[in-house]
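Asks: Sequences listed follow chains Y and A, in order. Counting from 360, one number per residue, gives the positions in the first sequence under the numbering used here. Counting from 360, one number per residue, gives the positions in the second sequence under the numbering used here. Ideal Cβ placement from N, Cα and C applies to all residues, glycine included.
Protein chains: 2
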Amino acid sequence: KTLGEKNNGFDVLYHNMKHGQISSKELTDFIRERVTIEETYGRSMTKLAKSASNFSQLGTFAPLWDVFKTSTEKLAVCHLELVRKLQELIKEVQKYVDDQAKAHKKTKEEVAATLEAVQNIQSISQALQKSKENYFSKTLEQERLRKEGATQRDLDKTGLKVKKAMEAYKSFVEKYAAAKSEFEQKMAETAEKFQVIEENHIIHMKEIVQSYSCSVEETHVQIGEVQKEFVNNMENTSVENLIQKFAESKGTGKERPGPIDFEECNVAAATEGAKP
Amino acid sequence: KTLGEKNNGFDVLYHNMKHGQISSKELTDFIRERVTIEETYGRSMTKLAKSASNFSQLGTFAPLWDVFKTSTEKLAVCHLELVRKLQELIKEVQKYVDDQAKAHKKTKEEVAATLEAVQNIQSISQALQKSKENYFSKTLEQERLRKEGATQRDLDKTGLKVKKAMEAYKSFVEKYAAAKSEFEQKMAETAEKFQVIEENHIIHMKEIVQSYSCSVEETHVQIGEVQKEFVNNMENTSVENLIQKFAESKGTGKERPGPIDFEECNVAAATEGAKP
């Protein structure tokens, strides 16, 4: 509503459609780059979880590597889940890019008449200016001849030229009024059209951003839960518990070896068995 | 307290110190790997923020790239701040690795006497078994000679051998009792020492894990704030606002071009100025 009220406003609006297409492509690029970053992060986390599971299974600390491994794997899943969601979103954005290009093509056809009206008023405006200049110069010429005392015949001839110039000028004033009315009507419709296109573009772009933002937030909440679980699992594994676990797996027995007493050789018993 | 109550329990505890050193080195490796991952992520985010700032400054969506840029930069800072904190932590863990190695070396010296007592009781135990076997075999030999009706001279000779074998056997039973007492005392002290070492190790390791976890959590909270700010900034930029901003920067004027009326040529005025 605040645009296009001079003859070159149409141009600005017409070319602005192109910026709409650029911005939706750039948004795809931005999300795609974010996907790459999250994918790299997720894969690195998977690798880190594997490292944790390859660490020594001996010693008192060993059971805690399981906590690290599980938590790191879950962290990887969170980020790879975000990757999956954003890849879905990219598909949607690409669909929008295509739809937008089609819509813009259609609009360009629809506003062709407006473009004609713009070109028409611009050329009539120039012609009007020229005809006005011609009428003024012819009138001054007539005045000059009158002052110089020219013949009636010359004055009549010039008078005819002035009349013709004035009629041409008047005709362009009328044509201009008609072109202006046509232009204003077409331009109002077109400006409305462009306004709707632009509003829809921004609304759609903001929806995409919101969907992006929503996925990122969901992932953030999930990561928070993984982190909380990690802290709980660490806290639940007490020092006593770890020492106890170690003792149970490595313990060499709970009873002390008994004393060894002197045994007299019982010949009868000894000859029965082969050895004492 | 549940360990080392058999003669080879000492060995298990002694070699377990090594696992303590392995686990602290592995924890350093784990944190270092996480640092690398976070650094890569942070740098990629910095690059992504730069991409956002290089996107088109034209069109209605353009002002939103600033929101993306600022938010992505802040996200990068969060992760790079985590990198800094974890690098500090790695320094602490490395100090612990060194201190632990020194403490273990000192402990190995302190338990040398226990190792000796272990070896002593093991060798006496074997000698005792041999001397018992010898006493039993000599006694059976004497019985065999008696049954075969050997001379008194031979029986006396064998009787002396039996007496000697029994005395040697009795002496090992006594030596074993003394070695056992020595072993048990030393082993009790040493098991206590190992228990303290192990408990301190786990306590220290859990402190490191807690510090690690704390830094990760702080970063998570910061990222949450950045995300919240992003959502707010997006919501605060309405569609109307973006259209308005665009109109102000690109607008070609708010007033409609006026009508063009026919002007009669005023000769007096026209001759004053050079052109109409």
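Below 8 Å CB to CB, which residues in the same chain sit around A/V532 once its five sequence neighbours on both sides are set aside?
Replies: Taking A/V532 as the centre and dropping the five residues before and after it, the same chain places the C-beta of L487 closer than 8 Å to its C-beta, in chain order.
Asks: Return the chain-ordered list of same chain residues with a C-beta closer than 7 Å to the C-beta of Y/S383, the five sequence neighbours on each side being excluded.
Replies: Cβ within range, chain order: V452, Y455, V456, Q459 and M564.
Asks: If you draw a straight line from the C-alpha of Y/G363 to the C-alpha of A/I619, how long is it?
Replies: A caution first: Y/G363 carries a pLDDT of 39, below 50, which makes its placement in the model too unreliable to give a value.
Asks: Counting along the chain, where does the alpha helix (DSSP H) carrying A/R512 start and finish?
Replies: Q511 to N595
Asks: Does the structure place the stretch 460-467 of chain A close enough to the stretch 580-600 of chain Y that three or more beta carbon pairs sit under 8 Å?
Replies: Note that the stretch 580-600 of chain Y does not touch the stretch 460-467 of chain A; fewer than 3 beta-carbon pairs, one per stretch, sit closer than 8 Å.
Asks: Would you please verify whether the beta carbon of A/Q586 is less than 8 Å from any beta carbon of chain Y?
Replies: yes
Asks: Taking 8 Å as the threshold (C-beta atoms), are Y/V555 and Y/L441 in contact?
Replies: no
Asks: What separation, rounded to the nearest whole angstrom, lies between the Cα atoms of A/V371 and Y/F414?
Replies: 20 Å
Asks: Report the neighbours of Y/S410 on chain A: residues whose CB is nearer than 8 Å to its CB, in chain order.
Replies: D388, F389 and E392
Asks: Considering only the beta carbon of each residue, do A/V394 and A/L445 sit closer than 8 Å?
Replies: yes
Asks: Applying the criterion that 16 or more other CB atoms from any shown protein chain within 10 Å of the CB defines a buried residue, is A/C624 buried or exposed?
Replies: buried
Asks: Could you give the C-beta distance for Y/I483 and Y/Y535, rounded to a whole number, given that I count them as a contact under 8 Å?
Replies: 5 Å
Asks: Suppose you measure from the CA of A/K506 to the CA of A/E500; what does that come to, to the nearest Å?
Replies: 10 Å
Asks: Y/V568 to Y/V580, Cα distance in whole Å?
Replies: 18 Å
Asks: Which of the three DSSP states is assigned to A/Q453 in this structure?
Replies: When secondary structure is reduced to three states using DSSP, A/Q453 falls in the helix class.
Asks: The alpha helix (DSSP H) spanning Y/F389 covers which residue range?
Replies: G368 to N413
Asks: Got a sec, what are the start and stop residues for the alpha helix (DSSP H) Y/L474 sits in?
Replies: A471 to K506
Asks: Hey, how far is the Cα of Y/K520 from the Cα of Y/K497?
Replies: 7 Å
Asks: Taking C-alpha atoms, which residue in Y/T387, Y/F427, Y/E607 and Y/E432 lies nearest to Y/G401?
Replies: Y/E432
Asks: Do Y/F420 and A/I561 count as a contact pair if the criterion is CB distance below 8 Å?
Replies: yes
Asks: Is there at least one Cβ from chain Y nearer than 8 Å to A/I536's Cβ?
Replies: At residue 536 of chain A the sequence reads Ala, which differs from the Ile that was named. Yes, because at least one Cβ of chain Y sits closer than 8 Å to the Cβ of A/A536.
Asks: Following the continuous alpha helix (DSSP H) through A/F621, name the residue where it begins and the one where it ends.
Replies: Taken as a continuous stretch (DSSP letters only), A/F621 belongs to no alpha helix (DSSP H), as it is neither H nor E.
Asks: Hey, could you find the ends of the alpha helix (DSSP H) Y/L601 is sitting in?
Replies: V598 to K609 is the extent of the alpha helix (DSSP H) around Y/L601.
Asks: Identify, in the order they occur along the chain, each residue of the same chain with its Cβ nearer than 6 Å to the Cβ of Y/S490, setting aside the five sequence neighbours on each side.
Replies: Excluding residues within five positions, the ones whose Cβ falls inside 6 Å are A527, Y528 and F531.
Asks: I'd like to know whether the C-beta of A/S572 is nearer than 8 Å to at least one C-beta of chain Y.
Replies: yes
Asks: Nearest to Y/L386 by alpha carbon, out of A/R503, A/D425 and A/A547?
Replies: A/D425
Asks: Give the straight-line distance between the Cα atoms of A/L474 and Y/Q416, rounded to the nearest whole angstrom.
Replies: 26 Å
Asks: How would you list, in chain order, the residues of chain Y whose beta-carbon sits under 7 Å from the beta-carbon of A/C624?
Replies: Y494, F495 and T498
Asks: Assign A/A633 to buried or exposed, taking buried as 16 or more other Cβ atoms, counted over all protein chains shown, within 10 Å of its Cβ.
Replies: Interpretation of A/A633 is limited by its pLDDT of 49, a score under 50 that renders its predicted location unreliable; no figure is taken from the coordinates.
Asks: When the cut-off is 8 Å and only beta carbons count, does Y/Y455 lie next to chain A?
Replies: no
Asks: Any heavy atom of the ligand FMN closer than 7 Å to the CB of A/A408?
Replies: The ligand FMN is not part of this structure, which contains no ligands at all.
Asks: Rounding to the nearest angstrom, what Cα-Cα distance links Y/M525 and A/P616 in this structure?
Replies: 24 Å
Asks: Nearest-angstrom Cα distance between A/K603 and Y/R443?
Replies: For the sequence presented, residue 603 of chain A should be read as Gln rather than Lys. C-alpha separation (whole angstroms): 36 Å.
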